[in-house]
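Below is one structure, written out as structure tokens, with a few remarks after it.
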Ligand SMILES: Cc1cc2nc3c(=O)[nH]c(=O)nc-3n(C[C@H](O)[C@H](O)[C@H](O)COP(=O)(O)O)c2cc1C
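In my numbering, the protein residues as written are 4 to 131.
Written out as structure tokens, the structure reads:
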């Protein structure tokens, strides 16, 4: 185990139950994988923008020329998906908000879900 990516999403600081769980889990992971490095992405203190027109287009286009012209709009999505792909283990800490996840975490998911990169459409369905 080389690299562990931790995604935090609760804005509740020291009162957050999910953050307390991550701390406990991190101690355990440190014990199990003493040589692993931890990378933390805190979506509460460092929120991501929601996908805008250009980014959504860049993510979904199948046209090579158009994709090339939208490269700049995909810079953040590229950075986040590469951060994910370079990790061996992913830990997501999330509160339940209104029977779902916080929009800060959904924004991260929208940036990292990239067809042909973080998942593929395969014969039987979706892989990745
Ligand atoms: C805006 C908001 C919405 C919530 N919605 C739900 C919910 O739908 N279901 C639930 O079981 N708990 C809900 N809760 C309670 C949280 O899941 C609970 O406080 C949890 O500990 C939050 O995680 P955190 O402590 O890491 O912030 C909600 C809390 C907040 C602040």
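C-beta atoms are modelled at their ideal positions from N, C-alpha and C, and glycine is treated no differently.
Item: Buried versus exposed, by CB contacts within 10 Å (16 or more), residue 17; Value: exposed
Item: Cβ-based neighbour list, residue 36, same chain, cut-off 7 Å, excluding 5 preceding and 5 following; Value: 4
Item: Any 3 or more C-beta pairs closer than 8 Å across the stretch 117-131 and the stretch 98-105; Value: no
Item: Sufficient close CB pairs (3 or more, under 8 Å) joining the stretch 25-32 to the stretch 58-66; Value: no
Item: Touch test, the stretch 52-61 against the stretch 81-88, Cβ-Cβ under 8 Å, three pairs minimum; Value: no
Item: Sequence-distant residues of the same chain with beta carbon closer than 7 Å to residue 41, five excluded per side; Value: 7, 9 and 29
Item: beta-carbon residue 122 near ligand 1 non-hydrogen atom, thresh 8 Å; Value: no
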